[in-house]
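Chain order of the listed sequences is A and B.
Number 1447 in my numbering belongs to position 59 of the first sequence; there are no gaps in the numbering.
Number 77 in my numbering belongs to position 72 of the second sequence; there are no gaps in the numbering.
Don't be surprised by glycine CBs; every beta carbon is placed ideally from N, CA and C.
Since this is a predicted model, take the numbers as computed values, not measurements.
Take a look at the structure below.
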Amino acid sequence: GAGVSQSPSNKVTEKGKDVELRCDPISGHTALYWYRQSLGQGLEFLIYFQGNSAPDKSGLPSDRFSAERTGGSVSTLTIQRTQQEDSAVYLCASSLARGRRAEAFFGQGTRLTVV
Amino acid sequence: AQSVTQLDSQVPVFEEAPVELRCNYSSSVSVYLFWYVQYPNQGLQLLLKYLSGSTLVESINGFEAEFNKSQTSFHLRKPSVHISDTAEYFCAVSALGYSTLTFGKGTMLLVSP
């Protein structure tokens, strides 16, 4: 597609369940990011993938959060044993490369509600 | 590490009035600066960016921002706003050579007739 695609757009899950959020980046973009947007908190960096390099996981809030990127394209963010504080909009973005050309294009996000 | 401060969580203005959304950043290294806009129920879109060169950058819809290194600021301005400018605006910074963006908490611009 022309832009970053995220699915599902909305997800309601029960506390304690695992969820998987999917991101399809723009074709050819080597960099992929996950952010979390909570009400009044702005955007919080979670994880960054660049090509075949080891991902930067420094923003993951706990070991319940993990992400993978298969074949340098699609990425999946997994949250295990979800908690109510995990409720937020999870945004994925992709960009061409590092440095000055690194304009990030964002998807529409997945709104996660943990009940 | 970098940080971004957007002092105003909400800015209400009347249509056709000027507006300034404030952004200050902190960084020990040189940075790139960005403003993103999020319209209701939509994703983030890049509004404008400062990479190098002229410290005044403009967007296609009349917004401009000026990089002020001495004041570590990158305030966003528009001389006359429209109802359609109602959105949340995020200032962001990334260190040179590193792509991860650090965002401010956002400023909600509310334009009323």
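- For glutamate 1491 (chain A) and leucine 81 (chain B), the gap between their C-alpha atoms comes out near 18 Å.
- One finds nothing in chain B with a Cβ atom closer than 9 Å to the Cβ of aspartate 1474 (chain A); even the nearest lies about 19 Å away.
- Of the other Cβ atoms in all chains shown, fewer than 16 fall within 10 Å of the Cβ of phenylalanine 19 (chain B); this residue is therefore exposed.
- Between leucine 115 (chain B) and glutamine 15 (chain B), the CB-CB gap stays under 8 Å.
- In terms of Cβ geometry, arginine 1424 (chain A) and tyrosine 1478 (chain A) form a close pair [threshold 8 Å].
- Burial is judged here by how many other beta carbons sit within 10 angstroms of a residue's own beta carbon; lysine 74 (chain B) has fewer than 16 and is exposed.
- Glutamate 93 (chain B) is classed as buried because its beta carbon has at least 16 other beta carbons within 10 Å across all chains shown.
- Phenylalanine 1433 (chain A) belongs to the set of residues whose beta carbon lies under 8 Å from a beta carbon in chain B.
- Against chain A, a Cβ distance below 8 Å from glutamine 47 (chain B) picks out Gln1496.
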